[in-house]
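Asker: For the sequence shown, this note's numbering assigns the number 25 to the initial residue and increments by one for each residue that follows.
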Amino acid sequence: MRNLLIFITKYNAFFLFLIFEIISLVIYIKYNSFQKATFINSTNKVTGEFYDRADELKGYLSLREVNDQLAKENADLRNQLRASKFLDSVAKHVVNDTIYKQQYEYIDAKVINNSVNKRNNYLTITKGSKDGVVKGMGVITGTGVVGKVVLVGEHIAIVQSLLHKDSRFSAMLATNKEIGYLEWGDDLDPHKGLLVDVSNTAQPKIGEMVVTSQLSLFPAGIPIGKVSKLNAKGAGFFLNMEVALAVDFSKLEYVYVINNKFATEQAGLEAQEKKDE
């Protein structure tokens, strides 16, 4: 307290000048209409800008919550798409039943770890067995194919990225439906893949869409990328071509795990078929 009094005494002239200056400004603004209006407008402008910045900061801090909610809503909407359903032709004769049965379900998840610069890349996502995720499920994002689940914990799962030497997904040219396999190239470019083993009767064009086929882990028609370069593979009966991938793997934040409800039944029947051969 003593130091404060000494400080005020030492600089009393400055403080008196400051007080008189403030009083003068108040009187000047209060009794001059033009200056008063200018001051009020300036104050409102500053206050408005302050509130705008505060609102922007509040919006930024709530982005994670908003994104989580949007991802969940997108998953719910995908579950309602006709592409997620299987057409049951027998049910056409049942008046009170739908002819479409749910085949694919989508589970939204946040990406908490990811790599793109290795030969074998993986993602870690925030959903596990507790949420219905099992090994072998396909994973996509809003723009295209991401990979497949290879390890599952109770709350966390590991996804083998499409950017992996062992990733191989059934794919097709969107226009003429010629089927091949999508792989990652040996040049380790995270923006490019290879569509291989396509019949040489196909006539692909630069810019043509490449999508998942009906033989893949995914619903048919999920984007993979666009043909960016054509190449003949040897002198055989197949073509390969370079594909510009639709997904930017370096910017993944949210993904959707696809639960194919018929996968277990299909795998069991196919295993039985092989056993009987």
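Virtual Cβ for every residue (Gly too), placed ideally from N, Cα, C.
Treat the numbers as computed from the prediction; the structure is a model and nothing was measured.
Do you know how far the Cα of residue 139 is from the Cα of residue 252?
Answerer: Cα to Cα, the separation comes out at about 24 Å.
Asker: Please classify residue 263 as buried or exposed, where buried requires at least 16 neighbouring CB atoms within 10 angstroms.
Answerer: Looking at its Cβ environment, which holds 16 or more other Cβ atoms inside 10 Å, residue 263 is buried.
Asker: Classify residue 40: buried if its beta carbon has 16 or more other beta carbons within 10 angstroms, exposed otherwise.
Answerer: Label assigned to residue 40: exposed.
Asker: Which of the three DSSP states is assigned to residue 155 in this structure?
Answerer: Note: residue 155 maps to helix in three-state DSSP.
Asker: From residue 187 to residue 214, what distance separates their C-alpha atoms?
Answerer: Looking at the two C-alpha atoms, the distance is approximately 7 Å.
Asker: Could you tell me whether the Cβ atoms of residue 152 and residue 135 are closer together than 8 Å?
Answerer: Contact: no.
Asker: Which residue or residues does DSSP assign as beta-bridge partners of residue 268?
Answerer: According to DSSP, residue 268 bridges with 216 and 250.
Asker: Going by the C-beta, is residue 150 closer than 7 Å to any heavy atom of the ligand PLP?
Answerer: Ligands are entirely absent from the displayed structure, and the ligand PLP is therefore not among its contents.
Asker: Is residue 206 near residue 267, with beta carbons less than 8 Å apart?
Answerer: Going by C-beta atoms, residue 206 is nearer than 8 Å to residue 267.
Asker: Taking only beta-carbon positions, decide if residue 46 is within less than 8 Å of chain B.
Answerer: The chain labelled as chain B is not found in the depicted structure, where only one protein chain is given.
Asker: When you compare only the Cα positions, how much space is there between residue 225 and residue 231?
Answerer: Rounded to whole angstroms, residue 225 to residue 231 spans 18 Å at the Cα level.
Asker: Measuring CB to CB, does residue 280 end up less than 8 Å from residue 130?
Answerer: Cβ atoms of residue 280 and residue 130: closer than 8 Å.
Asker: Under a three-way DSSP split, which group does residue 195 fall into?
Answerer: Residue 195 falls in the strand class under three-state DSSP.
Asker: In terms of alpha-carbon separation, which member of 202, 154 and 239 lies closest to residue 223?
Answerer: Nearest option by C-alpha distance: 202.
Asker: Go through its chain and collect everything with a Cβ distance to residue 218's Cβ below 8 Å, but skip five positions before and after it.
Answerer: Excluding residues within five positions, the ones whose Cβ falls inside 8 Å are 206, 207, 208, 209, 264, 265, 266 and 267.
Asker: Here's the rule I'm using: 16 or more other beta-carbon atoms within 10 Å means buried, otherwise exposed. How should residue 195 be labelled?
Answerer: Answer is buried; the Cβ neighbour count reaches 16.
Asker: Starting from residue 181, trace the beta strand (DSSP E) in both directions and tell me its first and last residue.
Answerer: Where residue 181 is concerned, the enclosing beta strand (DSSP E) stretches over 181-188.
Asker: Out of 255, 166 and 149, state which residue places its alpha-carbon closest to the alpha-carbon of residue 159.
Answerer: Answer by Cα proximity: 149.
Asker: Could you give the first and the last residue of the continuous beta strand (DSSP E) run that contains residue 134?
Answerer: Counting along the chain, the beta strand (DSSP E) containing residue 134 begins and ends at 128-138.
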